[in-house]
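Comments concern the structure below.
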Amino acid sequence: MANHRIILTINGETEQVEVPSQMTLLQMLREKLAFTGTKNGCMAGECGACTVLMDGEPVNSCMVLAVECHGSTIITVEGLAKDGVLHPVQQTIIEHGGVQCGFCTPGMLISARALLDRNADPSEEDIREALVGNLCRCTGYIRIIDSVRDAAERQQVLSL
Amino acid sequence: MQRRAKEQKTPQPIGDSVTRVEAREKVVGSALFTDDLQFGAGLLYARIKRSSVPHALIKSVDTSKARALPGVKAVVTGADFTGYIGLYLTDRPIFCRDRVRYIGDPVAGVAAVSEAIAEEAVGLIEVEYEPLPVVFDPEFGVTPEAVVLHPDLGKYDVANFIFPKPGTNIANHFRIRKGDVQSAWAECAAVVERKYRIPHIQHVPLESHVSIARVDNDGKIKLWSSSQSPFAQRNLIAKSLGVSQSDVQVIAPYVGGGFGGKAGVTIEAMVVAIAMKVKGRCVKLRLTREEEFYAASVRQGLVAYFKMGCDKNGKLLAMDNKYFWDGGAYCEYGVNITRASGYSSSGPYEVPNVNADSYCVYTNHPVGGPMRGFGMPEMHSGLEQCIDELAHAIGLDPVEFRKINCVKTDSILVTGMKMHPTGLTESLVKTAEAIGWGKKEPASAPNKRRGKGIALMWKAPAMPPNAGSSANVSLNEDGTVNVSVGGQEIGQGSFTIAAQMAAAALGVPFDWVRVNSPLNTDTSPYEWQTVASRLTWSMGNAVTAAARDARQQILAMVAKAWDEKIEDLDIIDGKVISYKSEESISLKDIVIYGIPLPNNQGWVGGPVLGRGSFMPTYVTGLDPKTGQGPRAVVHYTTGAQAVEVEVDMDTGKVEVLKGVAAFDVGKAINPEMVNAQMEGGFVQGLSTALFESLRFKDGLVLNPSFVDYRIATSSDVPRDFQSIIVEVAQDDGPWGARGIGEHAMVPTIPAIANAIYDAIGIRVGSPPYTSESVYLAMLDAGLVE
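So the protein sequences, as listed, match chains A and B. Counting in the working numbering, the first sequence runs from 1 upward without gaps. Counting in the working numbering, the second sequence runs from 161 upward without gaps.
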């Protein structure tokens with residue numbers, strides 16, 4: 001169980017971490033670096049609670065080995081807000097009441113951000129498809145879908 | 161007098177859809193859940209050796225190899241603890257002693273320096289079993305042929321409203337005998353008789369169960385747990401281990417989904433038991449997703465028989481219902497589901513003649529525990545389909561039939577209790593209108609059939625008659641307010657509601673109020689449990705009383721300082737004002753330091769601390785032979801749902817196109833949060849209607865993963881959902897409010913089933929209505945070839 005030294009960027013900060021070969025990105029974030037905003041829901045890549053952005057793409061961090069992240073750029077839920085200003089979808093999910101227990105919320109927000117990054121004007125169908133890997137047991141998704149659509153509209157207004 | 165520099169408009173927060181108080185910390189990732197707490201390098205990890213057989217005597221447990229494994233710090237078995245644990249019936253050992261009763265039953269626990277070593281140690285524990293006959297069906301379980309799972313049933317402590325039958329597998333039998341059912345059948349113009357089998361399901365919180373325990377050298381126990389019930393855990397664990405409640409401290413951060421699965425005690429006593437063997441060390445147990453599906457608790461299975469009849473005008477005359485609940489290996493909590501489904505056994509209908517028998521039956525299945533709805537979704541699944549069938553049989557529209565028979569204010573209920581004011585009829589009418597009842601829409605494709613269905617529901621908080629709540633309200637130097645409660649925030653919005661009530665009762669702006677988290681049984685005021693949709697009503701009463709108490713203290717202080725009468729004073733927008741002298745003073749100047757008297761004559765007042773508590777005192781016992789009594793429950797929340805579905809004739813796939821829900825919540829303290837409960841509950845109900853069942857083979861759960869046990873995703877929810885709030889005030893609710901959390905998923909299965917019938921003309925029967933089951937039913941009926 002050799003340790004590996006990896007260097008990566010997390011939420012804009014360069015980090016140097018020693019990780020065992022079998023440690024997942026999720027474990028490294030939560031246990032080595034105390035980025036506990038990213039949640040552990042199944043450890044099997046099935047629920048989406050651990051979703052983070054890896055080089056711009058949403059990944060289940062429980063299915064990625066930490067060593068694979070050497071040289072990567074990772075964004076977690078803690079990195080969504082900038083200087084205390086919430087990302088539009090963080091703001092709209094509050095306003096639409098798309099947060100209940102909050103356990104799926106970090107992964108849900110990351111998937112939403114990834115969608116909005118690649119598609120500034122997603123249809124409802126696009127949103128449903130983008131969130132299909134993020135399970136939520138509380139909200140029934142409707143308010144989350146609405147909040148992503150609203151965030152897209154606000155971003156468009158901002159960019160005009 | 162000093163005036164506040166910045167005038168703020170006070171929201172009248174009762175009835176305002178303010179945003180969730182803890183929303184911001186949840187969207188930035190800083191909200192702490194139990195698994196997020198950091199315990200440092202000394203933390204030990206626990207794993208559990210679980211029974212691999214459904215029913216057997218334990219001949220031997222050999223832990224020597226596990227103990228010898230380097231890194232293992234403790235191994236605990238049933239031999240270490242003699243007690244039992246349980247909420248209503250203490251039938252459960254912390255670790256199995258003489259026998260195991262389901263696949264997953266805990267036989268031993270290990271604490272080690274890593275999860276991997278703990279897991280390896282579990283694999284080294286050798287258990288020798290002597291297999292026993294099994295019970296997998298609750299109907300079989302009540303017969304004399306069934307092996308008795310709990311020979312000591314007569315020795316267990318039991319609540320005085322639960323009636324176990326020692327020498328059998330019946331952990332509780334609740335009876336209703338009202339009127340004369342036998343004679344009534346002769347008067348009936350139509351009778352429907354049906355059997356339903358409602359499968360086991362699982363709560364599926366996104367956060368699996370997790371607990372950390374530490375036991376000091378002086379025996380003081382500290383438990384951090386993802387819990388709906390820190391006070392019940394304190395009480396039950398203390399009683400089970402024979403220690404004082406005050407020596408057990410339970411700390412409960414935010415809960416990542418509960419739905420009843422984190423009520424009572426599930427894994428927590430095991431963690432404490434292991435920690436007792438490694439004093440001073442923190443021991444953590446987190447269930448894997450696989451364990452979560454069968455090793456904490458599941459929703460009980462149900463086999464239900466309904467017989468109901470009406471006269472030629474459609475007036476219900478009689479019901480005879482039998483419920484056989486698959487309570488699983490231990491029924492310590494589940495026995496009360498049986499009782500709840502007994503005293504509500506008629507559904508929300510006024511029926512003069514009712515027989516009902518509700519049995520909680522021990523089986524060799526996972527432990528049946530409380531889940532959102534507490535027996536009501538299961539019971540209504542069949543009952544509301546029978547009501548539909550009976551309406552058709554007598555030639556009445558299902559909505560008309562329900563209008564005639566549903567409970568109304570002053571109806572005599574199945575227990576003999578008189579119904580309080582209720583908006584059930586209004587909910588029914590509004591739901592029918594919103595779904596476009598009576599109008600048949602064309603299907604979207606030639607191979608599809610479209611239909612509409614409706615269902616009603618009722619549910620009372622199921623709890624001991626004297627379940628209590630309490631709250632404290634304290635004020636800070638800056639005038640802000642801290643509310644302390646023992647009720648948990650599990651996503652339903654209880655903290656926001658508490659803040660709204662405190663703000664309104666005290667007279668301060670909503671955003672001045674904080675609700676203390678995590679809960680801590682050493683410092684938070686008592687709350688029975690966060691279950692039964694009881695917090696808005698019960699905890700709400702306590703919070704309101706505490707805020708009013710603080711308000712009175714403040715007004716008394718100011719009245720004395722100003723030499724005025726309390727009646728002339730008010731608190732508005734965080735300031736005390738006098739209607740008489742037109743003086744005003746900001747709370748921030750006075751709630752800690754008091755007010756100086758004129759001419760240096762001393763001070764009045766001091767730190768303000770309001771207290772409030774609430775406990776219903778009026779619930780009566782019921783006759784064990786007839787289930788009759790003046791007041792069975794505190795109240796019923798009632799409501800209705802309707803859906804429009806489309807059935808794909810090629811695949812059997814059911815798509816829910818539109819959903820409507822209307823519930824009588826008494827008073828919506830926060831309307832958008834009420835709507836959010838209606839939506840979330842509807843989708844959870846939709847998920848159970850279309851997809852969910854735990855599949856068993858010889859007691860083994862075959863589908864303990866998200867891949868094999870599918871829950872609704874963002875692609876499954878209807879594009880059109882409408883929620884309607886009905887408000888008929890609850891006489892003892894804060895501002896008239898009563899609960900809504902559980903109710904929202906109660907009528908969904910039968911509403912969908914009735915819509916499928918409307919679409920394709922056949923009754924698919926028991927849920928879930930998967931593509932496969934619907935297609936096979938259509939094949940059987942000759943609808944497809």
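Ideal placement from N, C-alpha and C gives every residue a C-beta, glycine not left out.
For chain A, find out if any of its Cβ atoms is closer than 9 Å to the Cβ of residue i; answer yes or no.
i	result
Tyr454(B)	no
Ala897(B)	no
Met835(B)	In the sequence under discussion, the amino acid at residue 835(B) is Asn, which differs from the Met named in the question. Judged by the 9 Å Cβ criterion, Asn835(B) is in contact with chain A.
Ile148(B)	With chain B covering only 161 through 945, there is no way to say anything about residue 148(B).
Phe193(B)	yes
Glu167(B)	With a pLDDT of 41 at Glu167(B), under the threshold of 50, the modelled position of that residue is not reliable, and no figure is offered here.
Pro171(B)	In this prediction, Pro171(B) has a pLDDT of 41, which is less than 50 and means its spatial position is unreliable; what the coordinates show is noted afterwards. Not closer than 9 Å to any Cβ of chain A, the Cβ of Pro171(B) fails to qualify, so no.
Gln388(B)	no
His903(B)	no
Phe842(B)	yes
Glu832(B)	yes
Interface residues of chain B around residue i at Cβ under 8 Å?
i	result
Glu78(A)	Val188, Gly189, Ser190
Gln90(A)	Val187, Val188
So, is the C-beta of residue i closer than 9 Å to a C-beta in chain B?
i	result
Leu86(A)	yes
Asn40(A)	yes
Ile145(A)	yes
Met23(A)	no
Val99(A)	yes
Gly71(A)	no
Pro106(A)	yes
Thr51(A)	no
Thr36(A)	yes
Arg118(A)	no
Leu26(A)	no
Arg128(A)	yes
Since residue i meets chain A, which of its residues come closer than 9 Å, beta carbon to beta carbon?
i	result
Phe881(B)	Gly140, Ile142
Who are the near neighbours of residue i in its chain, counting only those whose CB is closer than 7 Å to its CB and skipping five residues on each side?
i	result
Val645(B)	Ala631, Ala658, Val675, Ser684, Pro685, Glu687, Met699, Val703
Pro470(B)	First, the amino acid is wrong: residue 470(B) is Cys here, not Pro. So the list reads Cys348, Ala349, Ala350, Leu476, Leu477, Leu550, Ile554, once near-sequence residues are dropped.
Ala272(B)	Leu204, Tyr205, Gly231, Val232, Lys233, Ala278, Ala281
Does the ligand GTP have even one heavy atom less than 8 Å from the beta-carbon of residue i?
i	result
Asp733(B)	Questions concerning the ligand GTP fall outside what the structure shown contains, since it holds no ligand whatsoever.
Roughly how many angstroms lie between the CA atoms of residue i and residue j, to the nearest whole one?
i	j	result
Ala889(B)	Val794(B)	14 Å
Gln168(B)	Trp485(B)	Confidence is the limiting factor: at Gln168(B) the pLDDT is only 40, short of 50, which leaves the residue's position unreliable, though a coordinate-based value still follows. Taking the straight line joining both Cα atoms gives about 55 Å.
Leu116(A)	Met108(A)	12 Å
Ala165(B)	Ala429(B)	In this prediction, Ala165(B) scores a pLDDT of 36, lower than 50, which makes its location untrustworthy; no coordinate-derived value is stated.
Thr582(B)	Ile829(B)	18 Å
Val807(B)	Arg259(B)	48 Å
Gln162(B)	Ser744(B)	Residue placement at Gln162(B) cannot be trusted, given a pLDDT of 36 that sits under 50; what the coordinates show is reported in the next sentence. Using only the alpha carbons, I get a separation of about 8 Å.
Val825(B)	Gly379(B)	45 Å
Thr873(B)	His525(B)	28 Å
Arg855(B)	Tyr917(B)	25 Å
Ala464(B)	Asp297(B)	12 Å
Tyr519(B)	Val17(A)	58 Å
Gln90(A)	Ile145(A)	13 Å
Met468(B)	Lys619(B)	20 Å
Ala836(B)	Gly97(A)	7 Å
Pro413(B)	Arg184(B)	16 Å
Taking residue i as the query, report the chain B residues whose CB atoms sit under 7 Å from its CB, ordered along the chain.
i	result
Gly12(A)	Within 7 Å Cβ-Cβ: nothing; Gly12(A) doesn't reach chain B, min ~15 Å.
Select from the options the residue whose C-alpha is nearest the C-alpha of residue i.
i	options	result
Val67(A)	Met54(A), Cys47(A), Pro58(A)	Met54(A)
Thr24(A)	Val64(A), Leu80(A), Glu129(A), Glu95(A)	Val64(A)
Leu635(B)	Arg711(B), Ser933(B), Ser587(B)	Arg711(B)
Gly765(B)	Val527(B), Ala721(B), Val341(B), Arg898(B)	Ala721(B)
Ser400(B)	Ala915(B), Pro253(B), Pro311(B)	Pro253(B)
Identify, in the order they occur along the chain, each residue of the same chain with its Cβ nearer than 6 Å to the Cβ of residue i, setting aside the five sequence neighbours on each side.
i	result
Lys748(B)	Asp638, Gly639
Lys472(B)	Ala349
Going along the chain, which residues of its own chain have a beta-carbon closer than 8 Å to the beta-carbon of residue i, five neighbours each way excluded?
i	result
Ala112(B)	There is simply no residue 112(B) to check, as chain B begins at 161 and stops at 945 in what is shown.
How would you list, in chain order, the residues of chain A whose beta-carbon sits under 7 Å from the beta-carbon of residue i?
i	result
Thr873(B)	Val132, Leu135
List, in chain order, every chain A residue whose beta-carbon is nearer than 8 Å to that of residue i.
i	result
Ala346(B)	Result: empty, since nearest Cβ-Cβ is about 46 Å, beyond 8 Å.
Leu366(B)	Lys39, Gly41, Cys47, Ala49, Cys101, Phe103, Cys104, Leu135, Cys136, Arg137
Ser865(B)	Cys42, Ala44, Glu46
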